[in-house]
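Residue numbers (UniProt numbering): 1 to 393.
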């Protein structure tokens, strides 16, 4: 078998077209995925299965959940790891937690957390915007949204770091231990609320404990899965988003000045900057039947990896994809996915990012990178930056 549109016999085990964990890829994920989109847009590897890099191929998968199933693991994942009709019922339940009125009610809390965090940042000194800003915002917002105590913030950040490391290493033993650790956090939170009964705090975690589906309460495993998905999404993805946004504005002083002068441009600018540099690298599917994608014959039961970080930069859809353009069609942007699995918390994430950027730009005069201090890019499965030296004034 060769890459580049040659049909693969379903009885032939494909060779590796690329190594997603090579130093060349991990040191520059966005650049590496751009190169793969041009050289081998449907590429096989032992680690990720069949990776799809083109916009059209990714959209095809998103729009055909019958051929490309989301049930990619034996472990429960509510609702992202489900197919209809099971997915439909759980999706309706989850969406209730992200209704517009709930988001609007949460915005003042976002504002308060953002104001305090920006105020705490040292001025005119080198700081790391990942550990001193992005991570802290993500974990404070998450705990506030779910009604979790501040004492969980440190353990949650440690948990996300361990989860990323185990995922990259494909260390199943470590991943199982990490999942159990999260389960214990949630068990303690739920036990406390059960003991309090009617006096339990009226927060998202308590509501999940009391919520019902198909005439029954959610099981412990279902609650843990929902909260785990939300936590990984918030702590991992929001951290990446904040780092990417800060880096872009610090690097492009012209864009920074434009945003300071016209904060109404922020919503479109945030989505466009995050199209340029994806905060979420990929998602998985599995084939339910033999299918041909991009000239490659893929058997049933094969792992598919949707490369958001490449699809959203596809020249076939986005003219001059490296350029920041605020007038692009927002419907084409796959930042929050598409179809039945589009991110249910998209509008909450947009509000969180907009409010934080409003406060950062509103409370400061300038955001700069630090000459001689090179930002460190995050490695798969994370995106964004692991370290971002900067200076604010």
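The C-beta atom is built at its ideal place from N, Cα and C for all residues, glycine as well.
Model, not experiment: these values are computed from the prediction.
Check: residue i C-beta below 6 angstroms from any heavy atom of the ligand SAM
| i | result |
| --- | --- |
| residue 167 | Ligands displayed in this structure: none; no statement on the ligand SAM is therefore possible. |
Cut-off 8 angstroms between Cβ atoms - residues of its own chain near residue i, not counting five sequence neighbours on either side
| i | result |
| --- | --- |
| residue 45 | 16, 17, 18, 19, 20 and 51 |
| residue 34 | 310 and 313 |
Supposed contact pair residue j and residue i - C-beta distance, whole angstroms, cut 8 angstroms
| i | j | result |
| --- | --- | --- |
| residue 383 | residue 269 | With a Cβ gap of about 18 angstroms, residue 383 and residue 269 do not count as contacting. |
| residue 375 | residue 388 | 5 angstroms |
| residue 147 | residue 204 | 6 angstroms |
| residue 211 | residue 76 | Rounded, the Cβ-Cβ distance is 16 angstroms, inconsistent with contact. |
Same chain, Cβ closer than 7 angstroms to residue i, neighbours up to 5 away in sequence not counted
| i | result |
| --- | --- |
| residue 324 | 255, 272, 273 and 276 |
| residue 315 | 321 |
| residue 394 | One cannot answer for residue 394 here, as it falls past the ends of the chain, which runs 1 to 393. |
| residue 265 | 258, 259 and 326 |
| residue 128 | 387, 388 and 389 |
Per-residue DSSP class, three states only, for residue i
| i | result |
| --- | --- |
| residue 125 | coil |
| residue 297 | strand |
| residue 229 | helix |
| residue 172 | helix |
| residue 163 | helix |
| residue 49 | strand |
| residue 38 | helix |
| residue 7 | Only weak support is given to the placement of residue 7: the predicted model assigns it a pLDDT of 40, under 50, and the question is left unresolved by the model. |
| residue 318 | coil |
| residue 82 | coil |
| residue 245 | helix |
| residue 60 | helix |
| residue 303 | strand |
| residue 75 | coil |
| residue 325 | coil |
| residue 392 | strand |
Option nearest residue i by Cα separation, candidates the options
| i | options | result |
| --- | --- | --- |
| residue 394 | 301, 377 and 232 | It is not possible to answer for residue 394, since the shown part of the chain is limited to 1 through 393. |
| residue 95 | 372, 347 and 373 | 347 |
| residue 157 | 237, 282 and 63 | 237 |
| residue 73 | 204, 286 and 341 | 286 |
| residue 152 | 208, 180 and 189 | 189 |
| residue 99 | 345, 387, 386 and 376 | 345 |
| residue 54 | 142, 103, 167 and 282 | 282 |
| residue 295 | 28, 26 and 42 | 42 |
| residue 307 | 58, 64 and 14 | 58 |
| residue 49 | 171, 235 and 304 | 304 |
| residue 56 | 293, 381 and 393 | 293 |
| residue 196 | 185, 184 and 209 | 209 |
| residue 131 | 235, 23, 172 and 317 | 235 |
Contact set for residue i: own chain, Cβ-Cβ below 6 angstroms, skip 5 residues either direction
| i | result |
| --- | --- |
| residue 337 | 343 |
Neighbour flag for residue i against chain D, beta carbons, 7 angstroms
| i | result |
| --- | --- |
| residue 312 | Among the chains of the structure shown, chain D does not appear; only one protein chain is present. |
Would you call the region 364 to 371 and the region 242 to 250 touching, i.e. three or more CB-CB distances under 8 angstroms?
Verdict: yes, contact present.
Three or more C-beta pairs below 8 angstroms linking the region 355 to 365 and the region 317 to 331
no
Just checking, does the region 138 to 155 make contact with the region 237 to 245 on the three C-beta pairs under 8 angstroms criterion?
yes
Does the region 75 to 89 touch the region 111 to 118, meaning 3 or more C-beta pairs lie closer than 8 angstroms?
In short, these stretches do not touch, since the Cβ pair count stays below three.
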